[in-house]
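Contents: one structure, followed by commentary.
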Amino acid sequence: MREFCEFRNLLPRGVKLAPEDVWERIAFVLSMKMQEPQFSGQTKERLSSREAAAFVSGVVKDAFSLWLNTHS
Numbered sequence: 001m002r003e004f005c006e007f008r009n010l011l012p013r014g015v016k017l018a019p020e021d022v023w024e025r026i027a028f029v030l031s032m033k034m035q036e037p038q039f040s041g042q043t044k045e046r047l048s049s050r051e052a053a054a055f056v057s058g059v060v061k062d063a064f065s066l067w068l069n070t071h072s
């Protein structure tokens, strides 16, 4: 999101886009299978496997960048 805004000069000078600005109201569903998932917390609400985070981050970043550039 930050790269997209900076490339298109969408933010006023001196304004920085923080992760909280994007993640505050976002919701999504992710479905995947893992051999040895690791969760944080007693209720297992959050997946904490580093391999999953790295994979999902790469896939989502590329797909989201493509979507932003296609729909702007």
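For the sequence shown, position 72 (counting from the first letter as 1) is numbered 72 according to the UniProt record's numbering, and the numbering increases by one without interruption. The C-beta atom is built at its ideal place from N, Cα and C for all residues, glycine as well. In this text, all values refer to a predicted model and were calculated from it rather than measured experimentally.
Can you look up residue i in the DSSP assignment and give me helix, strand or coil?
i: PHE39; result: strand
i: ARG2; result: helix
i: SER72; result: coil
Figure out for me which residue from the options has the closest Cα to the Cα of residue i.
i: TRP23; options: MET1, GLN35, MET32, ARG8; result: MET1
i: LYS33; options: SER49, ASP62, LYS16, CYS5; result: SER49
i: PHE28; options: THR70, TRP67, LEU68, VAL60; result: VAL60
i: LYS51; options: PHE39, LEU68, PRO19, ASN69; result: Per the sequence presented here, residue 51 reads as Glu, with Lys not at that position. Nearest C-alpha to GLU51: PHE39.
Look at the Cβ atom of residue i, then the Cβ atom of residue j, and state whether they are nearer than 9 Å.
i: PHE4; j: SER65; result: yes
i: LEU47; j: ALA53; result: yes
i: ARG13; j: SER72; result: no
* To do: Enumerate, from N- to C-terminal direction, the unbroken alpha helix (DSSP H) stretches of 4 or more residues contained entirely within the stretch 11-61.
  => Complete alpha helix (DSSP H) runs here, min 4: 19-23.
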